Amino acid sequence: MMRMAEWVFTSFALILALSLLIYLVLGVIILRTKVFSDKKRKGIGTTLLVMGLLNLFLFNILIFRQYTYTLGEFIIILLFFIIPFTEGFAMLSSKEVKKNLFGLPLIILPVLWVIIALLLH
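Structural data, given as structure tokens:
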């Protein structure tokens, strides 16, 4: 039977992989969309805001207290929260969406995360 720490870490790894996939898909959707309706802009912005807060909560409450991290891992944790949260907040508060400004960081984030994760381990 799995211990609690193993279960939490495995569950978090699945959520992390799902988050990376969602960020990548949202980045592609933003880049491929020609015109953003108000409904689509608010939906994507809310999704990014919630995903950023969810990842911040999971990192800080469930994982961060149980393990020690290097500076590189800590920077990735911050980027994993800051990029989607600020993009979601900006999408909700702006009237116009610039595709490259919002789409490219969401595509770069998973790639950057995988590269740094491979370099650290």
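Residue 99 in our numbering sits at position 72 of the sequence shown; the count goes up by one each step and never skips. Even for Gly, the Cβ is constructed at its ideal location relative to N, Cα and C. Every value quoted in this text rests on a predicted model; they were computed, and no experiment measured them.
Stretch pair the stretch 67 to 76 + the stretch 98 to 108: three plus CB contacts closer than 8 Å | At 8 Å Cβ cutoff, the stretches do not touch.
Measure the C-alpha to C-alpha separation of S46 and I142 and round it to an integer number of angstroms.
-> Taking the CA atoms as reference points, S46 sits about 16 Å from I142.
Return the chain-ordered list of same chain residues with a C-beta closer than 8 Å to the C-beta of S120, the five sequence neighbours on each side being excluded.
-> Taking C-beta separations shorter than 8 Å and ignoring five residues to either side along the sequence, S120 has no partners in its chain.
Tell me, to the nearest whole angstrom, how far the beta carbon of I56 is from that of F129; I am working on the premise that it is less than 8 Å.
-> Their Cβ separation, rounded to whole angstroms, is 10 Å, which puts I56 and F129 out of contact at 8 Å.
Euclidean distance between Cα positions of L51 and K125 | Each residue's alpha carbon lies about 17 Å from the other.
Label E114 either buried or exposed according to how many other C-beta atoms from any shown protein chain fall within 10 Å of its C-beta, with 16 as the threshold for buried.
-> Buried.
Nearest to L106 (by Cα), restricted to the options K122, L133 and N127 | Among K122, L133 and N127, the Cα nearest to that of L106 belongs to L133.
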